[in-house]
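The numbering of the sequence shown is my numbering, which starts it at 2 and goes up by one.
Remarks on the structure that follows.
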Amino acid sequence: MDAAEVAVIKQLFGARAYEIPMSSIKGVTGNALGASGPLQVIASALAIRDRQIPPTANLRSFDPSCDLDFVPCQPRRANIDCALINVRGIGGSASTLVLHRLAD
Numbered sequence: 002m003d004a005a006e007v008a009v010i011k012q013l014f015g016a017r018a019y020e021i022p023m024s025s026i027k028g029v030t031g032n033a034l035g036a037s038g039p040l041q042v043i044a045s046a047l048a049i050r051d052r053q054i055p056p057t058a059n060l061r062s063f064d065p066s067c068d069l070d071f072v073p074c075q076p077r078r079a080n081i082d083c084a085l086i087n088v089r090g091i092g093g094s095a096s097t098l099v100l101h102r103l104a105d
């Protein structure tokens, strides 16, 4: 996640942005081009199902402007009811998807 994405999340969620755990699978999958979105949907669905936020691989240092609650190194247990997925493509295309847990 870069400074521009963090700025949008702060604008959207306000002070609550600091309470929302952030994670990225790109450090594991690399730039999967057209498969990036589906891979993020799968990872998010599994995170909701397993109640575990995947870590952001190889996250060792932070840009000072990226001061949200990132999940580095180890997965984090959490009661996850929804996930927000942001995908940016080559050429400037972007999309957002929200997944929500169905009632048990």
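All C-beta atoms in this analysis are idealised placements derived from N, C-alpha and C, irrespective of residue type, glycine included.
Quick caveat: nothing in here was measured; it's all calculated off a predicted structure.
Identify every residue that forms a DSSP beta bridge with residue i.
i   : result
A84 : L100
I54 : R77
A95 : R89
M2  : Looking at the DSSP assignment, M2 forms no beta bridge with any residue, so it has no partner.
F71 : M23
Around the Cβ of residue i, are there at least 16 other Cβ atoms within 10 angstroms (buried) or fewer (exposed)?
i   : result
I43 : exposed
T97 : exposed
According to DSSP, is residue i helix, strand or coil?
i   : result
A33 : coil
F63 : coil
Are there any heavy atoms of the ligand ATP lying less than 7 Å away from the beta-carbon of residue i, as far as the coordinates show?
i   : result
G90 : The ligand ATP is absent from the structure shown, which contains no ligand whatsoever.
- request: Would you check if the segment 10-18 and the segment 57-64 touch, i.e. whether three or more CB-CB distances between them fall below 8 Å?
  value: No: the two stretches stay apart, fewer than three of their Cβ pairs being nearer than 8 Å.
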